[in-house]
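Colleague: Pasting a structure here, questions to come.
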Amino acid sequence: MIPYGKQHIDQDDINAITDVLNSDFLTQGPQVPLFEQALCNYTQAQHAVAVNSATSALHIACSALELNKGDYLWTSPITFSASANCGIYCGAKIDFVDIDPVTYNICPIALANKLKQAKKEKALPKIVVVVHLSGQSCDMEAIHTLSEQYGFHIIEDAAHAIGGKYQQKPIGCCNYSDITIFSFHPVKIITTAEGGAALTNKADLAEKLTLLRSHCITRDSKQMHREPDGPWYYEQIGLGYNYRMTEIQAALGISQLRHIDKWVEQRHTLAEAYNRQLKDLALQLPKQTEGNYSSFHLYIIRLKLEVLKKNKKTIFNELQQAGIGVNLHYIPVYKHPFYQELGFDYAYCKEAEKYYVEAMSLPLFPSLTVEQQSYIVTTLKEIIK
Ligand SMILES: *Cc1c(COP(=O)(O)O)cnc(C)c1O
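Add 22 to the 1-based position in the sequence shown for the numbering used here, that's all there is to it.
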């Protein structure tokens, strides 16, 4: 089976890990701060806090922005459910803003309309989590303008998007957001096995994120409530978690980060080859909008079902039977039984519903060969002809 995504590990990565195993620190040593510095250098963000997953990063991002019981968090329905679950962890109420039919990202017009309505009902969101689906940035300028008008915080869920650019700036620079999060799960652009990070330009948020990652325990006397009793003294000043990244993961992250630009270029080359070879089929191909350089985490196609003879289930099955690991990103989050129990209509967002019926992701990763790609294209043509 050709998977839809896959990590690339070389001897340098393996050496970086064995060096850590032979060192004094497996956790809480020098590699994590070095990885954080490397992430800052790469994204131009002021602060980076590495954690054990993007899900953890989303959770502490919401906590650092003081999302509380009864507050609202809004996000896109076309995302991995972690983008919404983070709000539930904090006791917040979740709502979904429909997607744009071309980019599949949160639609700024739908957001503006929903905000206008929410203002009347005094139910404005405290946080909007925007998701850069497949690695293409949302319309951050428009969303940022709305955030100033309506007073909400912005978290960028850039789990797909490290290596991408928006308005010539690296995604992660936080020019239009409070916090950006990355995932380093093996299917993503670079990996630390499990892992994630939260980036911000705000020193107070960086301090909170760092505390929340590690039990809200501090040995810094400036953060303490009382004078230290002695040199052993530390204080727990809030309720935090153990969301720390290990030294092994951070060393792998540093090693992986060195390849990122090359890998994203390879993803572009492969995506352009798909675009050329699929352009005459009854498909909607991914469209890069003005000012965007996608990381191309995913190559998402939409089937023009009105002109095709088969439905998506049949096409999907036939591709899988041919050894092609197609996938769907994503089932609209509100359809999951957990969210249904919160009362969402099963077909809550119109554009997300259409997307769900038509979309699938074709395999895309830097080491996908030309032969594998032609096999995918030929097979797809055969199946939908
Ligand atoms: C992968 C992913 C996450 C969660 O990442 P983990 O590191 O696995 O916790 C969150 N949001 C989106 C959009 C993702 O694709």
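Idealized CB from N, CA, C, for every residue including glycine.
Output the boundary residues of the beta strand (DSSP E) element that contains Lys115.
Modeller: For Lys115, the enclosing beta strand (DSSP E) has its first and last residue at 115-118.
Colleague: Given this structure, state the Cα-to-Cα distance separating Ser45 from Phe338, to the nearest angstrom.
Modeller: Their backbone Cα atoms lie some 48 Å apart in a straight line.
Colleague: For the beta strand (DSSP E) that contains Leu384, what are its first and last residues?
Modeller: 381-384
Colleague: Are the region 365-375 and the region 385-395 touching, with three or more C-beta to C-beta distances below 8 Å?
Modeller: no
Colleague: For my contact list, Tyr179 and Thr101 are in at a C-beta cut-off of 8 Å; report their separation, rounded to the angstrom.
Modeller: The sequence as given places Asp at residue 179; Tyr does not occur at that position. Yes, Asp179 and Thr101 are in contact; Cβ-Cβ is about 7 Å, under 8 Å.
Colleague: Measure the Cβ-Cβ separation of Ala215 and Leu274 and say whether it is below 8 Å.
Modeller: yes
Colleague: Do you know offhand how far Gln278's Cα is from Gln33's?
Modeller: 11 Å
Colleague: Could you tell me which of Ala145, Ser98, Ser105, Cys108 sits nearest to Ile165, measuring between CA atoms?
Modeller: Ser98
Colleague: If you measure from the CB of Thr77, is any heavy atom of ligand 1 nearer than 7 Å?
Modeller: yes
Colleague: May I ask whether a heavy atom of ligand 1 can be found less than 7 Å away from the beta carbon of Gly218?
Modeller: yes
Colleague: How would you label Ser243, buried or exposed, when you count the other beta carbons within 10 angstroms and need 16 or more for buried?
Modeller: By the 10 Å Cβ count, Ser243 comes out exposed.
Colleague: Have a look at Gln310 and Lys141 and give me their C-alpha separation to the nearest angstrom.
Modeller: Each residue's CA atom was taken as its position, placing Gln310 and Lys141 some 33 Å apart.
Colleague: Return the first residue and the last residue of the alpha helix (DSSP H) that Thr232 is part of.
Modeller: 225-235
Colleague: Measuring CA to CA, which of Glu143, Phe174, Leu133, Ala181 is closest to His154?
Modeller: Ala181
Colleague: Does DSSP put Asn197 in a helix, a strand or coil?
Modeller: coil
Colleague: Is DSSP giving Arg266 helix, strand or coil here?
Modeller: strand
Colleague: In the DSSP assignment, the beta strand (DSSP E) including Arg324 goes from what residue to what residue?
Modeller: Element bounds for Arg324: 321-325.
Colleague: Would you say the region 256-272 touches the region 59-75, given that touching needs at least three Cβ pairs under 8 Å?
Modeller: yes
Colleague: Would you be able to state if there are at least three C-beta pairs under 8 Å between the region 223-233 and the region 61-69?
Modeller: yes
Colleague: Relative to the C-alpha of Ile193, which candidate in Tyr64, Lys331, Gly347, Asn333 has its C-alpha closest?
Modeller: Per the C-alpha coordinates, the member of Tyr64, Lys331, Gly347, Asn333 positioned closest to Ile193 is Tyr64.
Colleague: Quick check on the DSSP output: the alpha helix (DSSP H) that includes Leu80 runs from which residue to which?
Modeller: 76-86
Colleague: Would you please verify whether the beta carbon of Thr240 is less than 8 Å from any beta carbon of chain D?
Modeller: This model lacks chain D altogether; it includes just one protein chain.
Colleague: Could you give the DSSP three-state label for Trp285: helix, strand or coil?
Modeller: helix
Colleague: For ligand 1, is there a heavy atom less than 7 Å away from the beta-carbon of Thr101?
Modeller: yes
Colleague: Who are Phe204's beta bridge partners in DSSP?
Modeller: Ala219
Colleague: Could you have a look at Thr101 and say whether DSSP puts it in helix, strand or coil?
Modeller: coil
Colleague: So, at 7 Å on beta carbons, what are the nonlocal neighbours of Lys403 in its own chain, with the 5 sequence-adjacent residues on each side left out?
Modeller: Leu303
Colleague: Where does His175 sit, in a helix, a strand or coil, going by DSSP?
Modeller: strand
Colleague: What runs of the alpha helix (DSSP H), each 4 residues or longer, lie entirely inside the region 310-356?
Modeller: 334-343
Colleague: Below 6 Å CB to CB, which residues in the same chain sit around Asn324 once its five sequence neighbours on both sides are set aside?
Modeller: Here residue 324 is Arg; the residue named in the question, Asn, does not match the sequence. Taken in chain order, the residues that qualify are Gln306, Glu380, Ala381.
Colleague: Are the Cβ atoms of Pro208 and Gln29 separated by less than 8 Å?
Modeller: yes
Colleague: If you run the structure through DSSP and keep just helix, strand and coil, what is Leu364?
Modeller: coil
Colleague: Just checking my contact of Lys138 with His175 at CB under 8 Å: how many whole Å lie between their CB atoms?
Modeller: Contact check for Lys138 and His175: beta-carbon distance about 19 Å, past the 8 Å limit, so the pair fails to qualify.
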